[in-house]
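Down below is the structure, laid out as structure tokens.
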Amino acid sequence: MAFKFDEGAPVLEIKDLNLSYWTRAGEIPAVIDFSLTVHKGESIGLVGESGCGKSTVAMAIMQYMGSNGTIKSGSIKFKGVELTELNEEELRHLRGKHISMIYQEPFAALNPSLTLGNQLKEVLITHEDLSGAEAYDRAVQMLTDVRLPDPERVMAAYPHQISGGQQQRVVIAMGLMSSPSLLLLDEPTTALDVTVEAGITKLIAEISRKFGTSQIYISHNLGLILEVCDRVFVMYSGEVVEEGTINSLFTWPKHPYTHGLFGCIPLPTADKNASPLQPIPGQLPLPHERPPGCNFGPRCDFFQDGRCDRGVVGMDSVTGTSATDHRVRCVRWTEIDYGAEVAHGEAKQPMEFGDTVLEVDNMQKYYEVHDRSIAAIISGESVKFVKANEAINFSAREGETVAIVGESGCGKSTFAKVLMGLETATEGAVRHEGKDIAEIPVRERDPKQIGKLQMVFQNPFDTLNPSHTVGGQIARVIKKFGVEQDKDKIRDRVMKLLDIVKLPRDFYYRRPRQLSGGQKQRIGIARAFAGNPSMVIADEPVSALDVSVAAAVTELLMEIQREHKTTLLFISHDLSVVRYLADRIVVMYLGQIMERGTTTEIFDPPYHPYTEALLSAVPIADPEVTKREILLEGNLPSVLNPPKGCPFSTRCPRKIGKICDEDRPPVQMASEGHAIACHIPLEELRRVEPVIRVPQEDERVHVKEASA
Amino acid sequence: MANSTTTTLPAQTTGAALMRALKSFALLRESWVGMFGAGIILLWALMAIFAPLLAPYEPNATLLAYQRPPWWPGMEVAEGTPTFLLGTDHVGRDILSRIVYGSQTVLIYAPLATFCAYAVGILMGLAAGYYRGWVDDVLSRIADIILSFPVLVLYVIIIATFGASPVNIVVAIIFASSPGIMRIVRGLVLDLRNRDYVAAAQTRGESSWRIMLVEILPNARGPLIVDACLRLGYVIITIGVLGFLGLGMPPPDPDWGGMVNETRQIALAFPHMTLFPCIAISSLILGFNLLADGLREISLRD
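Chains as they are written, first to last, in this note's numbering: chain A, 8 to 715; chain B, 67 to 368.
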């Protein structure tokens, strides 16, 4: 099958595209008035919150809309060929050969019952009629290009035999196999750890340079888009609200929504006391309840009656300043002066910390793993220990926020389980309000004590029981902890808790499925605060939420904390969120504490080499912030067989020699309370350059322009 | 504010419950298969409830000294003898009345047996899936052993040993079907126990049984309701088969399986005597199967 490609035409040209889905409720416009041009070798970013239509655009490009989706009008031209007019047979030759797509979950994209080699070769055998041997050679070459060590072994392996980051590299290799002109990436790193994500992001950025492949990169993370793309499209409720080059859009965001998004991300300039996050008020409108005029109108601070709610708002080219090739869908963009408005939320007084609420003293948690194979029984090694937590030491005071940071498998969730009494510690002490609870399971704890130590869970869709009403679930907690016994008093207390988390009182009668993700998480917070806790553990409470919702929930959590002087133990993998809200940080790796100290101590040298790598891996949505690049090689070692010496020795870029492999690193005190577990002498660590450099306010481009 | 909400609480909850019930029924209306099934079941249920009004004759009374075929228009009958819509059986009892009264037996004992089997199966499945470990091992092996017997042989052994009575039939059905129910529940619990709301209940120190019954079980109800409808159909078959084997309800009370059994040797000469009870059994089973299909269709849609 030969397509008549026009090599002079842009790789992809979408004009005035309108897409709709048909549901039982009728026609739902999913994408409205969408235009996009991708040139050869260009990387385009599509950003937006869930439900904004960004994935629908990708599906439309693949012409894979499902049975209920239709293209209402507009054209999608790939190198001059109109995709909307192709039949199934022609599309089959196009997909995978000329346009490839990479999905979010690498494990779901690979077939578990075929070797990776067979899956890679299949692309070439189907699309290019190559023989098996030729395809094998090309596949090995491609695996080398995506920087997979030992490609021959990977070819013979099954998907489950390699790590998640390696799987995603294989998926990218598969996408590139037949040298497509266009690569669609739908949140390709969301399921991966930060340090792994950094490697994949770098690879994706290299690809367009090396192979001349154009890319459309879909993500909710503005920081990632900044690192990989040339141009960015911001979508809101089915429309592009702003598009421009990375520099122009990130430096001079013109649309109030884009501007609002930047106010929701914990950038290095945000501070929980001096300049807190500014959540966007309101909620994304449902597709069939979009307002007239500007979709963002009802949530916009600059909304003007009679102008913003009239007619169709078109895209307008931004002129003036240094903005080039920058368009915005706003009738008032020339009038809005963001500098004149209060740039940040209201400043607050820093909290004063009280007495010690939690004290963790040399806590250890080992799991026994029984190997029941005959070989293991004969060799006498049938019992192995998984050291989930090893020598955990730290304390937290009243009103303080302590963050535990680490990637998957670092033991942070196990630690939370021990605190909550779902597991008991193997060794050591955990003192909560002076009482050692390390070895008391939750069932033997006093209800009052349980109520004093509560938890906010990660997944908003899982945290509430779908079978019971919201009010009933909170009421149960109040009764269980013995806060109130009388029925009316319990209900009053539930109502007060709903007030505290800023939800209407009639949510009492609602069921969880009638709530949005952010609202569910608010109920989760209300439930945790029902027993007047002195300490709340928050396990990634906002990681599954959209940016603007996450900002609102984060601010709410901190406001309640401030009011109740609660100690917050914040578990996260995201250093930018942690930097924003934590007073002290504990960095964990493979069950051990690598570094602990105040937030400034962690973010400034001396660093533990692992902290350094973590800091470098976090994408920052600010083009003027510079970062030192540190990429980690290799995979996380297995917890069943950890390195003998320093747990980080297998991946450490600053490894000094044999001592790292063989001896446990000493805990060095850089200052009182700032501990680093490393063999490298402190003096040497102190000489390390800072990883992140934030420009002073007067060095910033937009400030300079304004004053010039 | 607080007072006004306090006063509206009871009205809101009962009202909401009623609305939900109406809504689920409205949902069923979208599946004509399910509606058809529900219609058949409703018809039989009404027949069982109003049996004394609907049945033209006493079900156990011998009314004629000879057999009579079903009635047709223009049928010639001896002067002074009554009309029998579905004819009479080998001893001259009215088949229609026996079928109408027989529906009472089926519609009381089949749901009762299914309900009891579910109670046992759910408790076993909850314990096996929630506790895992040796509890799961023991319960699952017991279930495997029971399930490895041919079901019919199992019924025959139990009833032949303890005698044919309604209670023994129910006990036999509980014994034979609860392992299957246990397996379904166990599978659902294995998935549901990992949800955060279960962890939340554990971290506030709830007892294991409260977590199983209040937090986990209500969320497993969807698949269980569909399975219950199908299983009711199987139990009706079982009761029919037991009746046919002579292990059902003791005579002379009408029992559909028993009616087939009593007349099967003269079925070639008088097909109506076996045919009508058979139609009764299969229509009721069909009703439950269609209802299950409809419920599944709805649950998949939303």
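From the three backbone atoms N, C-alpha and C, an ideal C-beta is built for every residue, glycine too.
Quick one: which chain A residues come within Cβ less than 9 angstroms of PRO284/B? By Cβ distance, chain A contributes ASN472, PRO473, SER474 and HIS475.
Whether GLY60/A touches VAL88/A by CB criterion (8 angstroms): Remark: C-beta atoms of GLY60/A and VAL88/A do not approach each other more closely than 8 angstroms.
Beta-carbon spacing of LYS459/A, PRO540/A below 8 angstroms: In contact: LYS459/A and PRO540/A (Cβ atoms closer than 8 angstroms).
Does ARG261/B come within less than 8 angstroms of chain A when only Cβ atoms are used? ARG261/B counts as touching chain A.
Which whole-angstrom value is the C-beta distance of PRO263/A and ASP316/A, which I expect to be below 8 angstroms? Between the beta-carbon of PRO263/A and that of ASP316/A there is about 14 angstroms, and that puts the pair past the 8 angstroms contact cut.
Would you list, in chain order, the members of the segment 416–448 of chain A that have their beta-carbon closer than 8 angstroms to a beta-carbon of chain B? Those residues of the segment 416–448 of chain A that come within reach of chain B (Cβ to Cβ, closer than 8 angstroms) are MET427, GLY428 and LEU429.
Please compile the residues from chain B whose C-beta is within a distance smaller than 7 angstroms of the C-beta of PRO3/A. Nothing in the structure corresponds to residue 3/A, since chain A is present only between 8 and 715.
Taking the C-alpha atoms as reference points, what is the distance between LYS503/A and LYS455/A? If I take the Cα positions, the gap works out to 20 angstroms.
Between which two residues does the beta strand (DSSP E) containing GLN174/A stretch? Note, GLN174/A: premise wrong, no beta strand (DSSP E); alpha helix (DSSP H) at 171–183.
If we ignore side chains and look at the alpha-carbon of each, how far apart do ARG661/A and VAL701/A end up? Roughly 24 angstroms between the two C-alpha positions.
Skipping 5 residues on each side, what residues in its chain have a beta carbon closer than 6 angstroms to that of ALA383/A? Excluding residues within five positions, the ones whose Cβ falls inside 6 angstroms are SER389.
Are the C-beta atoms of GLU363/B and some chain A residue less than 8 angstroms apart? Not one beta carbon of chain A lies nearer than 8 angstroms to the beta carbon of GLU363/B.
Which word fits PRO76/B, buried or exposed, when buried means at least 16 other C-beta atoms lie within 10 angstroms of its C-beta? Here the model assigns PRO76/B a pLDDT of 44, short of 50, so the residue's position is not dependable, and the following value carries that caveat. By the C-beta density criterion, PRO76/B is exposed, having fewer than 16 other C-beta atoms within 10 angstroms.
For PRO136/B, which of ILE347/B, ILE364/B, THR340/B and LEU356/B has the nearest alpha-carbon? Among ILE347/B, ILE364/B, THR340/B and LEU356/B, the Cα nearest to that of PRO136/B is on THR340/B.
Closer than 7 angstroms by C-beta to SER70/B: which residues in its own chain qualify, once you throw out the five before and the five after it? Chain order, please. Confidence at SER70/B is low in this model, with a pLDDT of 39, below 50, so the placement of that residue is unreliable and no value is reported for it.
Near-chain B residues of the segment 356–373 of chain A - C-beta to any C-beta below 7 angstroms: So nothing in the stretch comes that close.
Going by C-alpha distance, which of ASP23/A, SER255/A, TYR243/A and VAL130/A is nearest ALA628/A? Measuring from the Cα of ALA628/A, the nearest candidate turns out to be SER255/A.
Distance, ALA194/B Cα to ASP210/B Cα: The straight-line gap separating the alpha-carbon atoms of ASP210/B and ALA194/B is approximately 13 angstroms.
In chain B, which residues lie with their C-beta within 9 angstroms of the C-beta of MET462/A? Within chain B, the C-beta atoms nearer than 9 angstroms to that of MET462/A come from ALA265, ALA266 and THR269, in chain order.
Within 8 angstroms (strictly less), CB to CB, does GLU281/B reach chain A? The Cβ of GLU281/B sits closer than 8 angstroms to at least one Cβ of chain A.
With a threshold of 8 angstroms, are at least 3 pairs of Cβ atoms found where one atom belongs to the segment 144–164 of chain A and the other to the segment 72–90 of chain A? Taking 8 angstroms as the limit for Cβ pairs, the verdict is that the segment 72–90 of chain A does not touch the segment 144–164 of chain A.
Inter-residue Cα distance where the pair is HIS332/A and THR252/A: Checking the sequence shown, residue 332/A turns out to be Asp, not His. Across the structure, ASP332/A and THR252/A are spaced so that their CA atoms are roughly 7 angstroms apart.
Range of the contiguous beta strand (DSSP E) that encloses GLU34/A: Membership of GLU34/A in the beta strand (DSSP E) is indicated by the continuous run 33–45.
Suppose you measure from the CA of VAL695/A to the CA of PRO613/A; what does that come to, to the nearest Å? Cα to Cα, the separation comes out at about 7 angstroms.
Enumerated in chain order, which unbroken segments of the alpha helix (DSSP H) with a length of 4 residues or greater are wholly contained in the segment 324–401 of chain A? Entirely contained in the segment 324–401 of chain A, the alpha helix (DSSP H) runs reaching 4 residues are, in chain order, 381–386.
Length of the line joining the Cα atoms of GLU20/A and MET462/A: In a straight line, the C-alpha of GLU20/A is about 49 angstroms away from that of MET462/A.
Contact defined as beta carbons within less than 8 angstroms: I believe ILE232/A pairs with GLY52/A. What is the distance between those atoms, to the nearest angstrom? Between ILE232/A and GLY52/A, the beta carbon gap of about 4 angstroms places them in contact (Cβ cut-off 8 angstroms).
Considering only residues of the segment 190–244 of chain B, which uninterrupted alpha helix (DSSP H) runs meet the minimum length of 4 residues and lie entirely inside it, listed in chain order? Within the segment 190–244 of chain B, the complete alpha helix (DSSP H) runs of at least 4 residues are 199–214 and 217–228.
Is VAL390/A close to chain B? Criterion is C-beta to C-beta, closer than 8 angstroms. No, no contact with chain B.
Which chain C residues are close to ASP469/A, counting only those with a beta carbon under 8 angstroms from its beta carbon? Among the chains of the structure shown, chain C does not appear; the protein chains present are A and B.
Taking buried to mean at least 16 other C-beta atoms within 10 Å of its own C-beta, is TRP275/B buried or exposed? Taking a 10 Å sphere around the C-beta of TRP275/B, we find fewer than 16 other C-beta atoms and assign the residue as exposed.
Looking at ILE457/A and ARG259/B, is the spacing between their C-beta atoms short of 8 angstroms? Contact flag unset, no.
Have a look at SER645/A and ALA395/A and give me their C-alpha separation to the nearest angstrom. Roughly 11 angstroms between the two C-alpha positions.
Under 6 angstroms Cβ to Cβ from PHE240/A, same chain only, skipping five residues before and after it: list those, please. Excluding residues within five positions, the ones whose Cβ falls inside 6 angstroms are LEU53, VAL247 and GLU250.
How is the alpha helix (DSSP H) around HIS134/A delimited, first residue to last? HIS134/A: member of the alpha helix (DSSP H) spanning 123–135, first to last residue.
Give me the Cβ distance between PHE360/A and VAL593/A, rounded to the nearest whole Å; I'm assuming they're in contact under 8 angstroms. Between the beta-carbon of PHE360/A and that of VAL593/A there is about 16 angstroms, and that puts the pair past the 8 angstroms contact cut.
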